[in-house]
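What follows is a short report on a single structure.
There are 2 protein chains.
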Amino acid sequence: MLVGGLGEEALLRKLRDIFASSEPNVRVGIGDDAAILGCPAGKEAVWSTDLTLEGIHFERQWQTPQQLGRKCLAVNLSDIAAMGATPSFALLSIACPTDTEVDFILELARGFAGLAADESVAVVGGDTTASAGGIALSVTVGGYIDDGAALLRSGAMVGDSILVTGKLGSAAAGMQLIQEGEGEAYPDLTAAFLEPSARIGAGLAAVKVGATSMTDISDGLASDLRHICEESGVGAMIEPASLPFSPHLDEAVIRFGWNRESIMLSGGEDYELLFTLTGSIAEQVKEVIAHESGQQVTIIGEIMEHEYGVRLVDRDGSGRDIPRHGYEHFQSSY
Amino acid sequence: MLVGGLGEEALLRKLRDIFASSEPNVRVGIGDDAAILGCPAGKEAVWSTDLTLEGIHFERQWQTPQQLGRKCLAVNLSDIAAMGATPSFALLSIACPTDTEVDFILELARGFAGLAADESVAVVGGDTTASAGGIALSVTVGGYIDDGAALLRSGAMVGDSILVTGKLGSAAAGMQLIQEGEGEAYPDLTAAFLEPSARIGAGLAAVKVGATSMTDISDGLASDLRHICEESGVGAMIEPASLPFSPHLDEAVIRFGWNRESIMLSGGEDYELLFTLTGSIAEQVKEVIAHESGQQVTIIGEIMEHEYGVRLVDRDGSGRDIPRHGYEHFQSSY
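Sequences listed follow chains B and D, in order.
Counting in numbering that gives the first Met the number 0, the first sequence runs from 0 upward without gaps.
Counting in numbering that gives the first Met the number 0, the second sequence runs from 0 upward without gaps.
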């Protein structure tokens with residue numbers, strides 16, 4: 000059955016069933032004009048929103064609808080993780096052509112609901128509407144953090160070490176493989192693009208050990224590191240040889256003739272966390288974060304004075320500026 | 000200049016300037032991974048989200064970009080008003096083709112920021128991205144209300160009076176006029192569609208006087224009244240002659256051969272409030288709400304037993320069921 004034949008009210012009833020959940024802070028969930036959420040004492044609320052559009056962020060044949068539903072939530076959870084906060088609520092708006100199969104939308108919703116359940120996030124609202132173009136998904140996520148504890152982009156200090164979770168460039172390589180019809184070649188790279196995870200545990204651990212600034216890598220390391228440098232008024236030195244990558248990225252780079260460094264610096268959608276820590280404790284503390292979150296954590300460089308700029312410096316001491324832009328949606332400069 | 004030439008980072012900087020505001024509950028606004036918002040003691044948070052799409056909800060030539068920016072916020076504020084809450088925060092995501100004029104987006108943002116300032120709402124986040132289709136706007140609004148004070152759809156009791164703010168059918172008639180190239184004929188009808196106001200003051204007043212249930216009329220009275228009846232497990236009797244309308248609606252109906260009752264019952268986008276009150280106090284209390292909010296308030300019917308159904312009953316006692324559906328985005332049954 001097609002969405003246009005089912006109608007908005009019937010679709011909303013089905014979505015309401017899929018998103019049914021009980022969460023102590025949800026006083027009223029889906030089904031009224033707005034959701035009503037409790038405000039725990041001593042906490043601040045953290046909110047973020049992102050659009051996921053067919054033809055820009057995904058093509059329908061790239062993934063299953065469940066993967067799409069999980070991913071559009073994961074990329075929003077990543078923004079909450081990047082503050083060091085715990086996500087609690089999500090709102091999902093779905094626009095689709097009237098000739099979309101109802102099952103496609105319900106599977107998408109099930110993927111969204113599945114990840115929400117995995118992360119104890121309640122789906123409390125949204126909107127459905129016909130679209131004159133392709134599918135458009137808008138997700139808003141809210142969560143809580145102790146008063147004053149959030150990790151901003153603006154807290155990095157000269158001498159801090161720069162760290163990342165996980166591996167860089169896998170998602171960008173995975174997207175490239177899918178676009179070239181080679182999605183089966185390296186399943187871990189493809190999965191990094193189609194099934195990213197928000198590093199919520201690592202974000203919480205970074206708060207606990209006293210990280211000084213944090214962001215998530217959504218537009219590529221080059222671009223997101225610049226955000227921290229601009230907001231903190233500092234420069235940065237990155238050691239290219241220290242950047243963590245999957246052995247399959249290395250294989251794919253050779254096989255397809257790509258530039259590995261460019262993919263790792265400017266490829267978007269890693270959704271790893273990039274954060275800074277007082278240099279003297281970085282080595283010990285990174286093990287604590289890795290242990291608590293189950294994620295690989297790597298020291299990739301150091302925060303420098305503003306005048307230094309944002310530079311790559313090889314072990315032999317030769318340096319160069321980090322390319323200015325990561326992935327820009329409007330310029331598609333990747 | 001076109002959006003594609005300016006780039007996402009530069010556009011975000013311009014938007015950040017337009018949305019600059021200071022609001023005591025905003026700890027971190029636009030510019031980090033997520034916004035950080037204070038949680039006042041003794042309050043609950045109220046959140047809602049809506050999509051506004053080119054080709055579905057608007058055509059670009061129908062209105063100025065400023066009107067479009069104001070409207071996409073107003074329809075969301077209406078959902079907060081419908082809970083009886085005070086809106087405090089908004090997030091605006093904008094997707095547009097890369098060949099969109101930057102000035103169009105900035106004017107849209109100025110319209111959004113203007114209404115936000117009028118209503119003391121801080122714009123704390125959002126997203127920008129290219130779109131493969133037309134313009135898509137996703138707005139999320141949050142606000143606060145005293146613990147337990149929100150007016151749900153589920154509180155209507157048999158014997159309650161049914162009330163509405165303002166006039167019905169003007170916005171639907173205004174949309175029809177614009178679509179037929181007659182937008183100049185009745186400026187108040189056109190304005191009702193292009194420049195709706197959220198009835199925030201009336202919503203707050205309804206809480207104060209002890210209203211029992213409330214919703215906003217976004218899909219048409221027939222559909223939104225049914226929401227209250229379904230959630231409250233009751234029926235309703237509406238007196239057609241009591242429904243408030245603009246004298247220009249009457250003129251337009253005659254001139255264009257429309258069915259006035261159908262427009263008032265099933266035309267969407269009025270964004271008036273529909274609420275219920277203990278019958279014995281309705282007459283006095285409606286004057287209090289009208290006085291406090293500056294809005295016309297009209298008693299249009301009575302809550303009945305569930306078995307009664309949802310019916311229109313003329314003064315001569317003849318009755319009929321209210322049409323099942325209002326405006327449905329997927330079925331376009333209007």
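Note that the Cβ used here is the ideal one computed from N, Cα and C, for glycine as well.
These numbers were taken from a predicted model, which means no experiment stands behind them.
What residue range is occupied by the uninterrupted alpha helix (DSSP H) comprising residue i?
i, result
"D/R310", "From DSSP, D/R310 is part of no alpha helix (DSSP H) but of the beta strand (DSSP E) over V309 to V312."
"D/K339", "Lying before the first or after the last residue shown, residue 339 of chain D is absent from chain D, which here runs from 0 to 333."
"D/E229", "L220 to S231"
"D/L1", "Taken as a continuous stretch (DSSP letters only), D/L1 belongs to no alpha helix (DSSP H), as it is neither H nor E."
"D/D117", "V101 to D117"
For residue i, which of the options has the nearest alpha-carbon?
i, options, result
"B/G154", "B/S261, B/P243, B/E229 and B/I280", "B/E229"
"B/A73", "B/S317, B/L90 and B/I29", "B/L90"
"D/D159", "D/A9, D/M303 and D/S265", "D/M303"
"D/A9", "D/T128, D/Q178, D/G234 and D/G318", "D/T128"
"B/T211", "B/L193, B/E301 and B/H290", "B/E301"
"B/G54", "B/F244, B/L136 and B/L188", "B/L136"
"D/D223", "D/G318, D/R259, D/T275 and D/L67", "D/T275"
"D/G293", "D/I321, D/H226, D/S241 and D/I199", "D/I199"
"D/P64", "D/S92, D/D102, D/V312 and D/P96", "D/D102"
"B/V157", "B/H305, B/E7 and B/G3", "B/H305"
"D/P322", "D/P243, D/P239, D/D315 and D/I280", "D/P239"
"B/I298", "B/S317, B/V309 and B/L273", "B/L273"
"D/F244", "D/V163, D/G110, D/I227 and D/L67", "D/V163"
"D/R15", "D/G4, D/G6, D/G30 and D/A94", "D/G30"
"D/D320", "D/G278, D/N258, D/G124 and D/L264", "D/L264"
"B/D313", "B/L242, B/L188 and B/C71", "B/L242"
With respect to the beta strand (DSSP E) encompassing residue i, which residues constitute its N-terminal and C-terminal limits?
i, result
"D/D315", "No beta strand (DSSP E) holds D/D315; DSSP gives it neither H nor E."
"D/M303", "V296 to M303"
"D/P195", "Segment: none, D/P195 is in no beta strand (DSSP E) and carries neither H nor E."
"D/G173", "Unbroken run through D/G173 is the alpha helix (DSSP H), S169 to Q178; no beta strand (DSSP E)."
"B/A129", "A121 to A129"
"B/I237", "G234 to I237"
"D/V138", "A135 to D145"
"B/P39", "Looking at the DSSP string, B/P39 is not in any beta strand (DSSP E), and its letter there is neither H nor E."
"D/L90", "T85 to C95"
On the three-state DSSP scale, how would you describe residue i?
i, result
"D/L242", "coil"
"B/P23", "coil"
"D/F274", "strand"
"B/Q330", "Only weak support is given to the placement of B/Q330: the predicted model assigns it a pLDDT of 44, under 50, and the question is left unresolved by the model."
"B/A201", "helix"
"B/T48", "strand"
"B/A351", "Since the first residue of chain B shown is 0 and the last is 333, residue 351 of chain B is not available in this structure."
"D/F18", "coil"
"B/I29", "strand"
"D/T164", "strand"
"D/D269", "coil"
"B/E53", "strand"
"B/T211", "coil"
"B/D320", "strand"
"B/I35", "strand"
"B/W61", "helix"
"B/M263", "helix"
"D/G154", "helix"
"D/I253", "helix"
"B/A149", "coil"
"D/I280", "helix"
"B/D187", "helix"
"B/E8", "helix"
"B/E306", "helix"
"B/K13", "helix"
Is any beta-carbon of chain E found at less than 8 Å from that of residue i?
i, result
"D/T275", "No chain E appears in this structure, whose protein chains are B and D."
- Item | Contact the segment 36-43 of chain D vs the segment 28-45 of chain B: 3+ CB pairs below 8 Å | Yes, the segment 36-43 of chain D is in contact with the segment 28-45 of chain B.
- Message: Does the structure place the segment 116-131 of chain D close enough to the segment 176-191 of chain D that three or more beta carbon pairs sit under 8 Å?
- Response: Not touching, per the Cβ criterion.
- Tell me, please, whether the segment 77-86 of chain D touches the segment 143-159 of chain D by the rule of three or more beta-carbon pairs shorter than 8 Å. When C-beta atoms of the segment 77-86 of chain D are compared with those of the segment 143-159 of chain D, three or more pairs fall below 8 Å, so the two segments count as touching.
- contact_flag[the segment 49-68 of chain D, the segment 46-66 of chain B] where n(CB pairs < 8 Å) is 3 or more: Here the segment 49-68 of chain D makes no contact with the segment 46-66 of chain B; the two share fewer than three CB pairs at distances below 8 Å.
- Task: Evaluate contact between the segment 159-179 of chain D and the segment 251-267 of chain D, counting only Cβ atoms and requiring at least three cross-stretch pairs below 8 Å.
- Result: By the C-beta criterion, the segment 159-179 of chain D is judged to be in contact with the segment 251-267 of chain D, since at least 3 inter-stretch pairs fall below 8 Å.
- Does the segment 164-172 of chain D come close enough to the segment 268-280 of chain D that 3 or more CB-CB pairs lie under 8 Å? Segment contact: the segment 268-280 of chain D against the segment 164-172 of chain D, three or more CB-CB distances shorter than 8 Å; contact assigned.
- Task: State whether the segment 283-292 of chain B contacts the segment 203-219 of chain B, with contact taken as three or more CB pairs (one from each stretch) at a distance under 8 Å.
- Result: Yes, the segment 283-292 of chain B touches the segment 203-219 of chain B.
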